[in-house]
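The next block holds one structure in the form of structure tokens; read it before the comments.
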Amino acid sequence: MAGRDMVSLIRLVRRWLWAQQVIRCGHRGLWLSALGVAVLTAAHLYIAPVGTVLAYALAGPALLAGLLSGLVRGRPSLEQAATVVDRRLNADDLVVTAWYLRGRDEADRIGHAALIGRTAEALCRRRGAELRELRPRLPAGTLPLAALLAAAAVPLGQAHPSATPDTAGAALPGQTAGPPTAASTALSPRGLAALQEVLRATGPEHRRGQASGVSNVRAVAASAPRPTQTIDTPGVTGAPRARSAAANTAADFGAASSSGAAEGAIPELAEVMPVPVPRRADATGAEAVSGAPVARAALMEPSPAGGAAESAGVAPPAATTPPFHRPPRRPFAVAAYARRVSEVLP
Amino acid sequence: MSEAAFHRAHDDLGRFRAALESEILGQSQVVDEVLTGFCAGGHLLLEGLPGLGKTALVKRLAASLNLPLSRIQCTPDLLPADVIGSEMQDEHQRLTFRPGPLFAPLVLVDEINRATPRTQAAFLEAMQEDQVTYLGHHYPLPRPFRVLATQNPIELEGTFPLPEAQLDRFMMKIVVPAPSADTLLAIAGRTLEPDAAPLPPVLDGPGLENALAQVQTVIVAEPLRRAAVDLVVALQPEAPAAHPLARRHLRYGPSPRALQALLRCARASALLRGRGHVAIADLRHAAPGVLRHRLLLRFESTLDGLEADALLASVVSERLT
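Heads up: the sequence lines are chains A and B, in that order.
Quick note: the first sequence, position 12, residue 116 per my numbering, numbers continuous.
Quick note: the second sequence, position 88, residue 119 per my numbering, numbers continuous.
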């Protein structure tokens, strides 16, 4: 730095200013990214499941746009760089005037113009080192913010069910005649494969909602190595059975967890099929109101009076299974789920 | 133009300043502005209460430069012919033009706002063109021709405020503030001393010419010119780049003549500080005197007690950084 002539010093300062401009714009883009991620994640959690992956997919372009805007604004001019040098060195616009005079006629015509040039050169050589603080540097908070975004992106992107592709339409072409249910849009491939297996085993009669299909489900469920929570009730239909099968699948995958499936040991299923506080079945084991009897009964506490589950001969839930499903924390998502279930139900 | 001439001009002006400051105590800011405006080649309007030394300053200025000073005491019955002169019969019974008090290098127009608009208008051509036209004949005024006018801001009865066109002719409007207690003490001490001998001139004709010529050689780089233009534009309420304060409070902003005056005064300010180039500090120093009388506030803003100086200070501090 010290000993540089005026021209090279001004060019160097211009490069620094440009780099700092790009960094500053990138920093703004980073903040914009963080804001977008925060808003979309909050919306995903509390308003509508838009998907956190979408939030993180938007974060990259926002940061890139910030950096690009810094580049597109263009390099500062050499005059601007000279002005910055003047301000930093308290040189009373000596450098910018010397820069202005370079190669002009005034320099020959006016006697003190040469003096201005010499003084500016001497100033730049002597005090150029003081410009070191103009070197580009990251604004405060940039690195922590970037690290926070990166740290949050990996687990959220991997764990959240909305990160998985929507393969329900392809997996259940015959099953989902209507709009996709919450289960079909959010099941993981493994869950879907298990669900398909169950449905294949039940045969076409399950679409008619007859007891034979249900008993097939029960048979498949009974063949599982662990007890399930499926409680059969009369009058089931296809969609609730799908939920029931999903619960069975949850039970299948629940081996990894010490708690039962209905407790949410399989986060995928517990996540996408939250159920409001269940109501007890009556003495016959049937729901008092219309709705999704199988689905809800699967999460009910076993009736001490010998409810539908016992009357149907289904094994009672494991002792470790808590009697009620964990209360939902997302009332909007629950409402959306209930609406979708009611659409599928006949 | 050599470097030596430049340094000589700076030294001469330094002595000139010291002579004025020795006479007018505690008004170094006013002295600085007067010198700046004088060297920039403009006419000056001094505004202040009676007894603050305005007239004494002008007299000392003339004495330091050894220039003849002509004084016009304005009253409502003053006529244009009393200022510019008239034709009179000579000893051969011929009508000849007898120049009025305006024909002097330095003209002190005391209490200019007491003259009628008709008489005030008589100054317009002289101040702008450095000449007087009488019955179709043009009479050039001596060089350097400077009008230094004074006005009293409080006694408004029987006065005729200067019209905008005439205010614009003055390069600077210099507000003379009341002196501080320390200054008053110094004035008291000097009053009680025996009368001192009149001070000799500090600058002769060639020295003044050299100083005025060197002002023209001060370099104004392109960014500084742009800064001056930005400031003037920021004060024009109709301009797209107008400052929000100007848009809200001003009816009219400075004219292009104000820009010229700003740059000239910045040059003179730079020379007074020994610099061969204009710095942003020179623009900042010259801006209040050059621009304050060229801003016309809205009526509502005036009623709210806003002053042009306060508005100007805000805009200058923001735009000239």
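We treat Cβ as the ideally placed atom computed from N, Cα and C, and that holds for glycine.
- Unbroken alpha helix (DSSP H) runs of no fewer than 4 residues, entirely contained in the region 264–311 of chain B, are found at 275–280, 287–303, following chain order.
- Neighbours of GLY215 (chain A) in chain B, taken as residues whose beta carbon is under 9 Å from its own, are MET32, SER33, GLU34, ALA35, ALA36, PHE37, THR248, GLY307 in chain order.
- Contact annotation: CYS105 (chain B) and ASP161 (chain B) have beta-carbon atoms that are not nearer than 8 Å.
- What LEU255 (chain B) touches in chain A, judged by beta-carbon distance under 9 Å, is ASP197, VAL200, THR201, TYR204, going in chain order.
- Looking at the DSSP output, LEU100 (chain B) shares a beta bridge with B:LEU137.
- Contact note: ILE220 (chain A) reaches chain B through ILE250, GLY307, HIS308, using a C-beta cutoff of 8 Å and chain order.
- For GLY215 (chain A), no pairing in a beta bridge is given by DSSP.
- The C-alpha of GLY84 (chain B) is placed about 10 Å away from the C-alpha of LYS90 (chain B).
- Looking at B:LEU276, B:GLN267, B:VAL251, the one whose alpha-carbon comes closest to that of ASP313 (chain B) is B:VAL251.
- Residues of chain A with a Cβ closer than 9 Å to the Cβ of ALA312 (chain B) are, in chain order, ASP196, ASP197.
- Looking at the backbone, the Cα of SER33 (chain B) and that of GLY236 (chain B) are separated by about 19 Å.
- Counting only residues of its own chain and dropping the five nearest sequence neighbours on each side, ALA258 (chain B) has a CB closer than 7 Å to the CB of ILE311, LEU314, LEU351.
- The continuous alpha helix (DSSP H) containing ARG39 (chain B) extends over residues 34–54.
- Ranked by Cα distance from VAL207 (chain B), the options B:HIS41, B:GLY79, B:LEU343, B:GLY73 are led by B:GLY79.
- One finds PRO254 in chain B with Cβ atoms closer than 8 Å to the Cβ of THR187 (chain A), taken in chain order.
- The distance from the Cβ of GLU64 (chain B) to that of ILE205 (chain B) is about 5 Å, consistent with a contact at the 8 Å cut-off.
- Within chain B, no residue has its CB atom less than 8 Å from the CB of GLU237 (chain A), the nearest being about 19 Å off.
- For PHE154 (chain B), the enclosing alpha helix (DSSP H) begins and ends at 148–160.
- Using a Cβ-Cβ cut-off of 8 Å, GLU225 (chain A) is close to nothing in chain B; its nearest Cβ partner there is about 14 Å away.
- Sixteen is the threshold: since fewer than 16 other Cβ atoms of the shown chains lie within 10 Å of the Cβ of ARG236 (chain A), the residue is exposed.
- The residue among B:THR67, B:VAL114, B:LEU51 with its C-alpha nearest the C-alpha of LEU88 (chain B) is B:LEU51.
- DSSP, reduced to helix, strand and coil, places GLN247 (chain B) outside both helices and strands of the structure shown, so it counts as coil.
- B:PRO148 is the residue among B:GLY305, B:MET119, B:PRO148, B:VAL347 whose C-alpha sits nearest the C-alpha of GLU195 (chain B).
- Distance from GLN125 (chain A) to ARG177 (chain A) at the Cβ level is roughly 6 Å; contact confirmed, criterion being Cβ atoms closer than 8 Å.
- Less than 8 Å divides the Cβ of ARG329 (chain B) from the Cβ of ARG282 (chain B).
- Contact with chain B is found for GLU183 (chain A), since one of that chain's Cβ atoms lies less than 8 Å from the residue's Cβ.
- Excluding its 5 nearest sequence neighbours in each direction, ALA40 (chain B) has C-beta neighbours in its own chain below 6 Å: ASN241, ALA242, GLN245, listed in chain order.
- Cβ atoms of ASN144 (chain B) and PRO192 (chain B) come within 8 Å of each other, at about 6 Å.
- Considering only A:VAL188, A:LEU168, A:ALA186, the residue with the shortest C-alpha distance to ARG132 (chain A) is A:LEU168.
- Under DSSP, GLU237 (chain A) forms no beta bridge with any residue.
- If you draw a straight line from the Cα of ILE214 (chain A) to the Cα of GLN291 (chain B), it comes to about 21 Å.
- When DSSP states are grouped into helix, strand and coil, GLN182 (chain B) belongs to the strand group.
- Distance from the CA atom of ALA317 (chain B) to the CA atom of ALA299 (chain B), rounded to whole angstroms, is 9 Å.
- Taking 8 Å as the cut-off, the beta carbon of LEU172 (chain B) is found no closer than this to the beta carbon of ALA152 (chain B).
- Each of B:PRO231, B:GLU188, B:VAL321 was checked against the Cα of LEU77 (chain B), and the nearest Cα belongs to B:VAL321.
- For ARG115 (chain A), the enclosing alpha helix (DSSP H) stretches over residues 110–150.
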